[in-house]
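Numbering (the working numbering), first residue to last: 1 to 231. In this text, a Cβ means the ideal position worked out from N, Cα and C, and glycines have one as well. Below is one structure; the comments refer to it alone.
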Amino acid sequence: MTIDKTQIRNASTVIVLRDRMTTPRILMGQRGAKAAFMPNKFVFPGGAVDAGDANITLAGQLSDLCGERLKEDATPDMSHPLAVAAIRELFEETGQVLGKKGAWHGDVHPDWADFAATGHLPDASALQFVFRALTPPGRPRRFDARFFLVDADALATDPDDFTAASDELSHLQWVSLTDVRAFDMPFITEVVLSEIEARATDPEPPQSVPFFRNNDEESLFIRLRGHAPTD
């Protein structure tokens, strides 16, 4: 099936936070110069939801709070495939495994063969839904992106080992929140970083989630299950 890349696609982005109580650092990489979307920019791992993501069984589910926030202003319910896509994209782009030890049963989808070979099942229980952004009109790719925060302690792999990563992101590295502003990042990444900085030492998922809703009619900054932000 041919995918129309001019249409808005659901996507998941993963913000891995390390040493959050002392010297917080986040995992970032650089997109290629020839990438159609955000070339050369430093970004968090992530990508579009694939059709097969809805059929992948999770060893651990999202929290009820995060699941409810994901359902808001979304038809149909995308909470499960978004969580699966987050784990898949994190593994593909960084080689990091968010999962529990366990064996897969039956045929393994080709997109998950390498993940399954690590001896883990995907586990979404540590993911926290913290931000949502719709790419503005006029861009070569448009995504309805949900940003998930996860503590590096939840990873099943060595956080400094990127040998299993694909070549989609280069210069994978842990960047201090005090130094990250010096990197060439998309505007929305800088906005998300402000949210992460504000809650770096808070281990609980947010009660309300910011949403940059850039549709064809207007651009709105709202909060899912919350109130409009104040200065």
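Query: Of the residues Arg-132, Glu-93, Arg-31 and His-105, the one placed nearest Asp-73, counting alpha carbons only; Result: Arg-132
Query: Same chain only: Cβ atoms within 6 Å of Trp-104, ignoring 5 sequence neighbours per side; Result: Ala-116
Query: Closest Cα partner of Thr-22 within the set Ala-124, Pro-205 and Thr-201; Result: Thr-201
Query: Among Asp-167, Val-175, Ala-51 and Arg-223, nearest to Met-28 - alpha-carbon criterion; Result: Val-175
Query: Through-space distance from Pro-205 to Thr-163, alpha-carbon basis; Result: 31 Å
Query: Option nearest Gly-47 by Cα separation, candidates Ala-156, Arg-88 and Pro-159; Result: Arg-88
Query: Segments of 4+ residues assigned as alpha helix (DSSP H) that fall wholly inside the region 30-76; Result: 64-71
Query: Counted within 10 angstroms of its Cβ, other Cβ atoms place His-80 as buried (16 or more) or exposed; Result: buried
Query: Proximity below 9 Å, CB of Ser-12 to CB of Leu-82; Result: yes
Query: Pick from Ala-145, Leu-224, Arg-213 and Ser-208 that is closest to Ile-15, judged by C-alpha positions; Result: Ala-145
Query: Status (buried if at least 16 other CB within 10 Å, exposed otherwise) for His-120; Result: buried
Query: Straight-line Cα distance separating Met-78 from Lys-71; Result: 7 Å
Query: Spatial distance of Asp-50 from Leu-58 (CA atoms); Result: 16 Å
Query: Counted within 10 angstroms of its Cβ, other Cβ atoms place Ala-198 as buried (16 or more) or exposed; Result: exposed
Query: Which listed residue (Ile-196, Arg-142 and Glu-168) has its alpha carbon closest to that of Glu-93; Result: Glu-168
Query: Distance, Pro-186 Cα to Val-43 Cα; Result: 7 Å
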